[in-house]
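Numbering (this note's numbering), first residue to last: -14 to 251.
Ideal placement from N, C-alpha and C gives every residue a C-beta, glycine not left out.
Note that this is a predicted model, so its numbers are computed, not measured.
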């Protein structure tokens, strides 16, 4: 862990609360934070004891994007190879977020810009504080508005019209409109973000661990499925596999006995 502790991880039972911890820099993505996020999310695949991840931030802003100050990501010479290496290094964060089997709940307050916007987009559920404002900042500094998965995530969340508007203009979308276009699930006072997340966590904890993991897996595969039949083929395999687990038997018994299930797959 970096001496600055740019990423704080708190385990509460089977939920990990992951906090971006560079508040003095708007939680902008510097070298250390990028490496910490890549390491954390890539490592989740093998950590079945973690069932849900909550991604949040200390300070006023969620994440101001790439840290452009000082010598952050400084390169002695800018050539295609070094630019490509840097680009792919940061991109690993968002790929890892989608590949990890745990649902990710993002709690967004203040600014979520550029790569910070994509942290929210790559999460499974987004809850916005009233101060939240998000934008694809890349186009404001001479680059394409399509970066760090924004051209993939955003149209699937809000449709191509709103996605085109946001990606082509770099305009901010504020919390009320983000809620109206279904970019976020809920808008709450900034002080109520953790409490809002807890209700989703509570519901997820009533599901079987394997069932929850395979739900994220099926959603990831089905969003790009070529047909209804292709999507249902994934569902059929998952349901058939789950039917052999002890947790399915326990869930059924708990339902009839009107109690919480006690799952063995934790």
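- DSSP places residue 84 inside the alpha helix (DSSP H), whose first and last residues are 65 to 84.
- Residue 3 and residue 233 have their C-alpha atoms roughly 30 Å apart.
- Note that the C-beta distance between residue 37 and residue 88 is below 8 Å.
- Secondary structure in the segment 148 to 180: the beta strand (DSSP E) runs of 3 residues or longer, each lying completely within the stretch, are 171 to 173 in chain order.
- Residue 145 carries a helical assignment under DSSP once its states are collapsed to helix, strand and coil.
- The bridge partners DSSP lists for residue 4 are -7 and 41.
- Bounds of the beta strand (DSSP E) holding residue 119 are 118 to 120.
- Using a 10 angstroms sphere on the CB of residue 9, the tally of other CB atoms stays under 16, which defines it as exposed.
- With respect to the C-alpha of residue 103, the residue from 24, 114, 120 and 197 having the closest C-alpha is 120.
- CA-to-CA, the gap between residue 96 and residue 116 works out to about 8 Å.
- Of the candidates 0, 107 and 70, 107 places its Cα closest to the Cα of residue 137.
- In the DSSP assignment, residue 114 forms a beta bridge with 173.
- Taking each of 196, 218 and 191 in turn and checking the Cα distance to residue 229, the smallest one comes out for 196.
- Residue 23 carries a helical assignment under DSSP once its states are collapsed to helix, strand and coil.
- Inclusion of residue 227 and residue 219 in the CB contact set at 8 Å is not warranted, their separation being larger than that value.
- With respect to the 8 Å criterion, residue 11 and residue 46 are classified as neighbours on the basis of their beta carbons.
- The three-state reading of DSSP puts residue 210 in coil, since its state is none of H, G, I, E or B.
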